[in-house]
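J.: One structure, as structure tokens, below. Some questions next.
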Amino acid sequence: MYGIIVGGYFLLKPFIDFSNITTSLNDSVGVSASNFILVALYISLINSFLEEFFFRGFGTVFFNVSNRWLTYITSAALFALYHVAMMIGWYDWWVFVLAIIGLFVSGIVFHLLNQASRSLYTSWFVHMCSNLGINTVGLILFGIL
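Below you can see the structure in the form of structure tokens.
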């Protein structure tokens, strides 16, 4: 996941304007180059666990319906929508739609990983690696790397 995200950034960089991300993060939540490393550590280690606990743990129990796939789809959709407010204004509309679809598919994959391993730690590890990839891109965008 780390390689896919960082590689995807370099592959898509000529086609997507990423310049709005740092401005948006700074304006909306005060994330800047000076505090990005601490924020990135929190997002990768702690927030990824909280999201997995809520969307794959508690969320699965809360949205538990007789059809397991309906539960997975509901939880994955909420996981994707949860990220919408953070990403508004970052990209052109078509990139935004692709990001939401990617988050939805990731939510389904996280459920399948947990189902196969019978553990929440599996999706947390993959989610953590994904966030590390996103945060590496952030380090590049903020000019730290």
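2 is the number of the first residue of the sequence shown in my numbering; add one for each residue after it.
Where a beta carbon is used, it is the ideal one built from N, C-alpha and C, also for glycine.
Predicted, not measured: the structure shown is a model, and the values here were computed from it.
Around the Cβ of Thr24, are there at least 16 other Cβ atoms within 10 angstroms (buried) or fewer (exposed)?
T.: exposed
J.: With DSSP collapsed to three states, give me the class of Val110.
T.: helix
J.: Please go through the same chain and pick out, in chain order, the residues whose beta-carbon is closer than 6 Å to the beta-carbon of Phe52, but skip the five residues on each side of it.
T.: Sequence check: residue 52 is Glu here, not Phe. Once the five neighbours on either side are set aside, Glu52 has no close Cβ partner at all.
J.: Going by CA-CA distance only, name the one from Phe55, Arg119, Asn36 and Asp93 that's closest to Ala81.
T.: Phe55
J.: Taking the runs of the alpha helix (DSSP H) that are 4 residues or longer, which of them lie wholly in the segment 28-99?
T.: 37-42, 49-52, 60-63, 69-83 and 85-88
J.: Take every Cβ of the segment 134-142, pair it with every Cβ of the segment 4-15, and state whether three or more of those distances are shorter than 8 Å.
T.: yes
J.: For Thr145, name the three-state secondary structure that DSSP assigns.
T.: Reading off the sequence shown, one finds Ile at residue 145, where the question assumed Thr. DSSP places Ile145 in coil when its eight states are reduced to three.
J.: Please list the terminal residues of the continuous alpha helix (DSSP H) segment that includes Phe11.
T.: Element bounds for Phe11: Tyr3 to Leu13.
J.: Taking contact to mean 3 or more Cβ pairs, one atom from each stretch, closer than 8 Å, check whether the segment 30-46 and the segment 96-103 are in contact.
T.: no
J.: Whole angstroms is fine: what's the gap from Val127's alpha carbon to Leu133's?
T.: 10 Å
J.: Between the segment 107-116 and the segment 68-83, do three or more beta carbon pairs fall short of 8 Å?
T.: yes
J.: Here's the rule I'm using: 16 or more other beta-carbon atoms within 10 Å means buried, otherwise exposed. How should Arg57 be labelled?
T.: By the beta-carbon neighbour count (other beta carbons within 10 angstroms, threshold 16), Arg57 is buried.
J.: Per DSSP, what kind of secondary structure is Phe126 in: helix, strand or coil?
T.: Secondary structure at Phe126: helix, using DSSP grouped into helix, strand and coil.
J.: Do Trp125 and Ser45 come within 8 Å of each other at the CB atom, strictly closer than that value?
T.: no
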